[in-house]
Amino acid sequence: MSNSVIPWPGKPRGGKLVVGTVAGVLVIGGFGTACNPDSGQQGTTSGASGNAKTGGGTKTVPAFVGMGLQSAQDTAQKQGFYSLTSHDSLGRDRHQILDRDWKVCSQNVKAGTRVATTTRLDFGAVKLAETCPSKDQSPPAPAGSTMPDFKGKSVNTARAALASGMSITVKDVSGKGRFILLASNWQVCSQKPSAGTKLTGQPVEFKAVKFGESCP
Numbered sequence: 002m003s004n005s006v007i008p009w010p011g012k013p014r015g016g017k018l019v020v021g022t023v024a025g026v027l028v029i030g031g032f033g034t035a036c037n038p039d040s041g042q043q044g045t046t047s048g049a050s051g052n053a054k055t056g057g058g059t060k061t062v063p064a065f066v067g068m069g070l071q072s073a074q075d076t077a078q079k080q081g082f083y084s085l086t087s088h089d090s091l092g093r094d095r096h097q098i099l100d101r102d103w104k105v106c107s108q109n110v111k112a113g114t115r116v117a118t119t120t121r122l123d124f125g126a127v128k129l130a131e132t133c134p135s136k137d138q139s140p141p142a143p144a145g146s147t148m149p150d151f152k153g154k155s156v157n158t159a160r161a162a163l164a165s166g167m168s169i170t171v172k173d174v175s176g177k178g179r180f181i182l183l184a185s186n187w188q189v190c191s192q193k194p195s196a197g198t199k200l201t202g203q204p205v206e207f208k209a210v211k212f213g214e215s216c217p
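Residues in the sequence shown are numbered consecutively from 2, following the working numbering.
Structure below.
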């Protein structure tokens, strides 16, 4: 049995613009403020400030490893770093939706390094109950013209690496006939075509089990 996983849409972002005229500016301005007190403020994304300071200056990067992801982001912002991002250290390409449920395993800029506050800080993270890997796994890279070896990788990672228009089928090989509802919870046991095969738009098939289970 197979199931296709539809990727979540990206977070909307953007700001609001308020335009006033000279005539009646006090009335319009006062009325606009009462109805829309947030006018003129930028939208925000996880780990970044909508009113980010873009001025120059350098600061020392704190040690974030071992901190909760939300605490790490708060600490970074207090130091003046507003360009923040994070990724799944286990290479399963999971989204850090609730930052408080994740902890930091790695950071792209070494603690104690003095850098410009405009530097992007990237945190590798796992869920609180998980163990940090000995080596951080980077986000999936595009597959290119040949089929990568996805064995042991998450189905979510495999999907992200392949072209968005590719036909992909995923089957549970545990014998339980389960639907693949959350691709990041499943690991690839086998694949067709095999690793190294030239990709020409042919359908792709993965056989998988949940993480923690053994491939048959």
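Built from N, CA and C at the ideal position, the CB exists for glycine as well.
query                                                                                                                                           : result
Counting along the chain, where does the beta strand (DSSP E) carrying A117 start and finish?                                                   : R115 to A117
Terminal residues of the continuous beta strand (DSSP E) containing L122?                                                                       : L122 to K128
For S185, which of helix, strand or coil comes out of DSSP?                                                                                     : helix
Excluding the 5 residues flanking K211 on each side, which residues of the same chain have their C-beta closer than 7 Å to its C-beta?          : N186 and W187
Tell me the DSSP secondary structure of A196 in three-state form.                                                                               : coil
Considering just the uninterrupted stretch of the beta strand (DSSP E) at D89, what are its terminal residues?                                  : L85 to D89
Which same chain residues end up closer than 8 Å to S191 when comparing Cβ atoms and leaving out the 5 residues on each side of it in sequence? : K152, V174, F207, K208 and C216
Could you give the DSSP three-state label for D100: helix, strand or coil?                                                                      : helix
Distance, Cα to Cα, L182 vs V116?                                                                                                               : 42 Å
Report the option in E214, G69 and R121 whose CA atom is closest to the CA atom of D102.                                                        : G69
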